[in-house]
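K.L.:
The structure under discussion is supplied below as structure tokens; questions concerning it will follow.
Numbering (my numbering), first residue to last: 1036 to 1355.
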């Protein structure tokens, strides 16, 4: 079995904020950070005011709809029929603690993963969060200062200094191929799901998972991200041999639980429940060929709500 995955371009970043006044944030901060990110980015790049993106003359060239309301131009993959927009090429990774109040002077760290062409807009995104600090975030629109941005590679490297407002010129993004160099093959492997993971089986959210279903969802996510945001990549859409091979991998141990959380949707003006499963799954079998897919999934997440940070998992090749 051979996995011909797109060679996604990736950047994994760590943003550090300093509260300039008390910040009041929800327990799960991914939706708030993602919402503020989109609102501020539109203010930074949009030249057309309140015109809806879908009727705007600049829709196909403006970076805001490209990244936040990704238009479907041409023929989409068959499993996306009826879907109005493509996947967004970024993931906000909020802190995993439950801290809700940050007093003046306290720091807040969160991650941002960029995918494909969005990597080239990193300076815009840094400026976007700098401006979001002036606009404010959370209940009461608390103000903050962006103090530092670091990029993940062989080690964390500071690429932006908030005091001087300068960006380092030697930032290097990653690809699937560079990630694979860090992988050792294994017969036993655990996946620990750190944020609620929303995967549908037969049209319904499931609190359970088998390896084949995980593979389907990872392939859909990775291939559609490449299709919309790295169009130069060749994509293999016939997954039948891969899914047949996935049936050979056993679930050796499973410890999952359902976790509900709520977010307020500014667009729909209502509170939404967005639950998913958390916990750990241990896989057994010939896993060497699967590690590139699973490693890539660590960066791009899996399931619905990934842009808010949902579906985050980590691999452990030293599973007992």
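All residues carry an ideal CB built from backbone N, CA and C; glycine is no exception.
Quantities reported herein were computed from a predicted structural model and do not represent experimental measurements.
With three or more beta-carbon pairs closer than 8 Å as the criterion, would you say the segment 1139-1154 touches the segment 1042-1051?
P.N.:
With the cut-off at 8 Å, the segment 1139-1154 and the segment 1042-1051 touch.
K.L.:
Ends of the beta strand (DSSP E) at residue 1142?
P.N.:
Residue 1142 -> beta strand (DSSP E) spans 1142-1150.
K.L.:
With 16 as the cutoff for other CB atoms within 10 Å, does residue 1125 come out buried or exposed?
P.N.:
Buried: at least 16 other Cβ atoms inside 10 Å.
K.L.:
If you count every other CB in all the chains shown that lies within 10 Å of the CB of residue 1334, and 16 or more means buried, which is it?
P.N.:
Residue 1334 should be labelled buried.
K.L.:
So, is residue 1169 buried or exposed, given that buried needs 16 or more other C-beta atoms within 10 angstroms?
P.N.:
Exposed.
K.L.:
Among 1339, 1328 and 1340, which residue has its Cα nearest to the Cα of residue 1349?
P.N.:
Taking only the C-alpha atoms, the option nearest residue 1349 is 1328.
K.L.:
Classify residue 1199 as helix, strand or coil using the three-state DSSP reduction.
P.N.:
If DSSP states are grouped into helix, strand and coil, residue 1199 belongs with coil.
K.L.:
With DSSP collapsed to three states, give me the class of residue 1125.
P.N.:
Three-state result, residue 1125: strand.
K.L.:
Tell me, to the nearest whole angstrom, how far the beta carbon of residue 1316 is from that of residue 1225; I am working on the premise that it is less than 8 Å.
P.N.:
Their Cβ separation, rounded to whole angstroms, is 7 Å, which keeps residue 1316 and residue 1225 in contact under 8 Å.
K.L.:
What does the Cβ neighbour count give for residue 1292, buried or exposed, with the cut at 16 atoms within 10 Å?
P.N.:
Under this definition residue 1292 is an exposed residue.
K.L.:
Taking Cβ positions, are residue 1157 and residue 1045 nearer each other than 9 Å?
P.N.:
No, they are not a contact pair.
K.L.:
With a floor of 3 residues, list each beta strand (DSSP E) that falls wholly inside the segment 1216-1258, ordered by position along the chain.
P.N.:
List check, beta strand (DSSP E) in window: 1223-1232, 1234-1236 and 1239-1241.
K.L.:
Do you know how far the Cα of residue 1182 is from the Cα of residue 1340?
P.N.:
Roughly 28 Å separates the two Cα atoms.
K.L.:
Around the Cβ of residue 1118, are there at least 16 other Cβ atoms within 10 angstroms (buried) or fewer (exposed)?
P.N.:
Exposed: under 16 other Cβ atoms inside 10 Å.
K.L.:
Run through DSSP, which three-state label would residue 1096 get?
P.N.:
Coil at residue 1096, not helix or strand.
K.L.:
Taking the alpha-carbon of residue 1072 as reference, which of 1152, 1161 and 1087 has the nearest alpha-carbon?
P.N.:
If we check each option's Cα against that of residue 1072, 1161 comes out closest.
K.L.:
Please tell me whether residue 1223 and residue 1233 are closer than 9 Å, where the distance is taken between their beta carbons.
P.N.:
Contact: no.
K.L.:
For residue 1129, count neighbouring Cβ atoms within 10 angstroms of its own Cβ and tell me buried if that reaches 16, exposed if not.
P.N.:
So residue 1129 counts as buried.
K.L.:
When burial is assigned at 16 or more other CB atoms within 10 Å of the CB, is residue 1086 buried or exposed?
P.N.:
So residue 1086 ends up on the exposed side.
K.L.:
Evaluate contact between the segment 1281-1291 and the segment 1308-1324, counting only Cβ atoms and requiring at least three cross-stretch pairs below 8 Å.
P.N.:
They touch, by the three-pair rule.
K.L.:
What is the DSSP secondary structure of residue 1294, counted as helix, strand or coil?
P.N.:
Note: residue 1294 maps to strand in three-state DSSP.
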